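Heads up, the thing below is written out as structure tokens.
Protein chains: 2
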Amino acid sequence: MKEGPDIAQVAALIGDPARANMLTALMSGKALTVSELAEEAGVTIQTASSHLSKLDSGGLLRPRKQGRHKYFALAGEDVAQVLEGLMGLAAGSGHLRTRTGPKDAKLRQARVCYNHLAGDMGIQMFDSLIARTHLSFEGEDLRLTDSGAAFAYDLGIDVGALQSARTPLCRECLDWSERRSHLAGSLGRAFLSRFEELSWAKTDRKTRIVTFSRSGAEAFHQLFPVN
Amino acid sequence: MKEGPDIAQVAALIGDPARANMLTALMSGKALTVSELAEEAGVTIQTASSHLSKLDSGGLLRPRKQGRHKYFALAGEDVAQVLEGLMGLAAGSGHLRTRTGPKDAKLRQARVCYNHLAGDMGIQMFDSLIARTHLSFEGEDLRLTDSGAAFAYDLGIDVGALQSARTPLCRECLDWSERRSHLAGSLGRAFLSRFEELSWAKTDRKTRIVTFSRSGAEAFHQLFPVN
DNA sequence: AGCATACTTCGATCGCCCTCGAACCAATCT
DNA sequence: AGATTGGTTCGAGGGCGATCGAAGTATGCT
Numbered sequence: 001m002k003e004g005p006d007i008a009q010v011a012a013l014i015g016d017p018a019r020a021n022m023l024t025a026l027m028s029g030k031a032l033t034v035s036e037l038a039e040e041a042g043v044t045i046q047t048a049s050s051h052l053s054k055l056d057s058g059g060l061l062r063p064r065k066q067g068r069h070k071y072f073a074l075a076g077e078d079v080a081q082v083l084e085g086l087m088g089l090a091a092g093s094g095h096l097r098t099r100t101g102p103k104d105a106k107l108r109q110a111r112v113c114y115n116h117l118a119g120d121m122g123i124q125m126f127d128s129l130i131a132r133t134h135l136s137f138e139g140e141d142l143r144l145t146d147s148g149a150a151f152a153y154d155l156g157i158d159v160g161a162l163q164s165a166r167t168p169l170c171r172e173c174l175d176w177s178e179r180r181s182h183l184a185g186s187l188g189r190a191f192l193s194r195f196e197e198l199s200w201a202k203t204d205r206k207t208r209i210v211t212f213s214r215s216g217a218e219a220f221h222q223l224f225p226v227n
Numbered sequence: 228m229k230e231g232p233d234i235a236q237v238a239a240l241i242g243d244p245a246r247a248n249m250l251t252a253l254m255s256g257k258a259l260t261v262s263e264l265a266e267e268a269g270v271t272i273q274t275a276s277s278h279l280s281k282l283d284s285g286g287l288l289r290p291r292k293q294g295r296h297k298y299f300a301l302a303g304e305d306v307a308q309v310l311e312g313l314m315g316l317a318a319g320s321g322h323l324r325t326r327t328g329p330k331d332a333k334l335r336q337a338r339v340c341y342n343h344l345a346g347d348m349g350i351q352m353f354d355s356l357i358a359r360t361h362l363s364f365e366g367e368d369l370r371l372t373d374s375g376a377a378f379a380y381d382l383g384i385d386v387g388a389l390q391s392a393r394t395p396l397c398r399e400c401l402d403w404s405e406r407r408s409h410l411a412g413s414l415g416r417a418f419l420s421r422f423e424e425l426s427w428a429k430t431d432r433k434t435r436i437v438t439f440s441r442s443g444a445e446a447f448h449q450l451f452p453v454n
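For the protein sequence lines, the chains are A and B, in the order given.
In terms of the numbering used here, the first sequence is residues 1 to 227.
In terms of the numbering used here, the second sequence is residues 228 to 454.
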């Protein structure tokens with residue numbers, strides 16, 4: 001009767017509104033404390049604590065104690081990816097809650113997905129990198145080519161340091177707003193943080209919106225041309 | 228508070244054990260009737276009906292009336308992909324229910340994922356097609372090259388007919404057992420059904436296991452060499 | 001027409017789990 | 001040490017939804 005792993009438990013974990021809110025909040029990639037997540041979900045701290053321990057024992061979160069604070073983050077990119085997939089289903093088929101407010105438009109243009117850039121601009125970056133063969137597919141894996149490494153180095157990214165980490169360097173992740181892929185992995189993370197360092201963009205961790213300055217956007221479009 | 232689509236509803240839909248069982252049953256790609264799904268989930272027909280109508284209005288299923296039967300199938304590949312993702316999470320992090328029975332081993336080797344071949348052999352096929360550039364990545368999309376079209380034609384697949392359909396020809400889908408991608412889309416479907424036509428393999432729709440005959444496996448490995 | 005089958009709808013029951021108040025640990029600050 | 005803040009545990013309450021029996025609708029068979 002039950003072939004394959006037990007979907008229901010994990011899905012039920014995500015299926016509670018309070019927990020879902022916490023998880024989407026954590027899609028910002030930032031680690032949040034219990035009280036922050038409680039606030040985010042609109043519940044008291046006790047219930048939040050209960051929920052978080054469940055999510056943790058379900059393997060969806062990675063907790064980290066720091067003094068008298070306890071920070072929670074998503075367990076990994078795979079979790080983030082599933083959440084994005086669910087958002088896609090909810091957006092497409094579900095109740096079509098096309099929250100077409102201004103906030104939504106900005107979200108679709110540029111937002112942070114776990115720790116990297118998503119939305120229109122994320123896709124543009126990805127496509128541009130592929131088109132200029134700075135990235136290439138090797139089998140089903142994504143690989144940074146030599147020209148790509150040079151490109152990243154020019155931007156001020158220490159590729160060597162990234163490669164040593166155990167998280168994959170490049171990974172594709174697909175959007176819920178667009179139906180296309182953007183760049184995830186430690187390189188994706190590095191790009192976004194570099195944009196922030198150069199003050200091309202600023203990400204509001206609360207709304208997940210990434211806002212580019214006028215000059216930042218200009219530089220971005222020049223660096224990642226559409227064709 | 229709620230940015231992005233409403234994850235919780237969809238996840239809660241999948242989160243019920245009965246519904247999850249139905250959905251995993253539908254991962255076989257076959258359309259099933261209400262009574263079959265009730266049996267599969269271990270509930271009465273009434274409750275099954277209730278569940279199915281919820282799944283339907285949630286956009287996860289595509290119903291089709293045929294006489295006095297009502298067949299349900301997954302709404303699309305995207306749904307199947309999310310389900311596979313959830314299986315991955317449940318298998319990896321969760322309770323590690325490594326059901327290492329013989330059934331499980333066969334599932335990992337070759338199984339049907341919605342309508343195409345998954346598991347070890349699915350991945351082998353995908354890798355082989357990529358390595359010989361019968362498939363190539365174009366941006367983030369998968370494209371069938373000319374040599375690939377010829378290859379498929381030689382196997383007796385009418386690529387032209389597939390291309391006219393509105394479902395994408397090639398698409399990658401990732402496994403829960405391996406962490407890699409295999410070929411989905413109408414071409415993936417065509418390959419599997421061709422294997423069955425040639426009686427290389429036979430898929431048990433109940434267990435989702437694809438069993439290759441001795442000669443079929445031989446032909447498969449010759450056609451899709453590892454290197 | 002009459003019966004059987006496939007499914008849906010209604011109503012009632014029941015159990016799970018979400019929620020919060022209150023008390024209880026733990027760590028930092030003065 | 002006492003106070004304050006962050007988090008966990010316990011217990012009780014309460015609501016939502018899963019479940020099934022029974023009646024209702026539709027389709028097909030003879």
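Think of the CB as a built atom: it goes at the ideal place given N, C-alpha and C, for glycine as much as any other residue.
In this text the structure is predicted, and so the values were computed from the model without any measurement.
- The alpha-carbon of E196(A) is positioned some 6 angstroms away from that of K202(A).
- The beta carbons of A91(A) and L26(A) sit no closer together than 8 angstroms.
- K257(B) and D431(B) have their alpha carbons spaced roughly 11 angstroms apart.
- Using a Cβ-Cβ distance cut-off of 8 angstroms, the region 41-54 of chain A and the region 260-280 of chain B are not in contact, since fewer than three pairs of beta carbons, one from each stretch, lie closer than that value.
- Chain A places no beta carbon closer than 8 angstroms to that of F378(B), leaving this residue out of the contacts.
- The C-alpha of P225(A) is placed about 39 angstroms away from the C-alpha of Y71(A).
- The three-state reading of DSSP puts A149(A) in helix, counting H, G and I together.
- Each of W427(B), L371(B), V237(B), A377(B) was checked against the Cα of L282(B), and the nearest Cα belongs to V237(B).
- DSSP places I209(A) inside the beta strand (DSSP E), whose first and last residues are 209-212.
- When DSSP reads this structure, Q336(B) sits in no beta bridge, so it has no partner.
- For T360(B), the number of other beta carbons within 10 angstroms of its own is below 16, and it is reported as exposed.
- Identification of residues in the region 110-140 of chain A having a C-beta nearer than 9 angstroms to some C-beta of chain B yields R111, I123, F126, D127, I130, A131, S136, F137, E138, G139, E140, given in sequence order.
- DSSP places P63(A) in the strand class (E or B) of the three-state scheme.
- Scanning R19(A), F191(A), K106(A) for the CA closest to the CA of G58(A) turns up R19(A).
- Secondary structure of R295(B) (DSSP, three-state): coil.
- Contact annotation: S28(A) and V79(A) have beta-carbon atoms that are not nearer than 8 angstroms.
- Counting the other Cβ atoms within 10 Å of the Cβ of E138(A) gives fewer than 16, which makes it exposed.
- The closest CA to that of A358(B), considering only A345(B), G346(B), G375(B), D347(B), is found on G375(B).
- Distances from the CA of S181(A) to each of A345(B), R398(B), H409(B), I241(B) were compared; the closest alpha carbon is that of R398(B).
- Taking 8 angstroms as the CB threshold, I272(B) stays off the interface with chain A.
- Listed along the chain, the chain A residues whose CB falls inside 8 angstroms of the CB of L279(B) amount to none; the nearest CB is some 15 angstroms away.
- One Cα belongs to S420(B), the other to I436(B), and the distance between them is close to 14 angstroms.
- Below the 7 angstroms Cβ cutoff, chain B contributes A235 as neighbours of P17(A), in chain order.
- Interface with chain B (8 angstroms Cβ-Cβ cutoff): V34(A) is excluded.
- In the three-state scheme derived from DSSP, where H, G and I count as helix and E and B as strand, R171(A) is classed as strand.
- Residues of the region 70-95 of chain A that bring their beta carbon within less than 8 angstroms of a beta carbon in chain B comprise A75, D78, V79, Q81, V82, L83, G85, L86, M87, G88, L89, A90, A91, G92, S93, G94, H95, in sequence order.
- The beta-carbon of A12(A) is placed less than 8 angstroms from the nearest beta-carbon of chain B.
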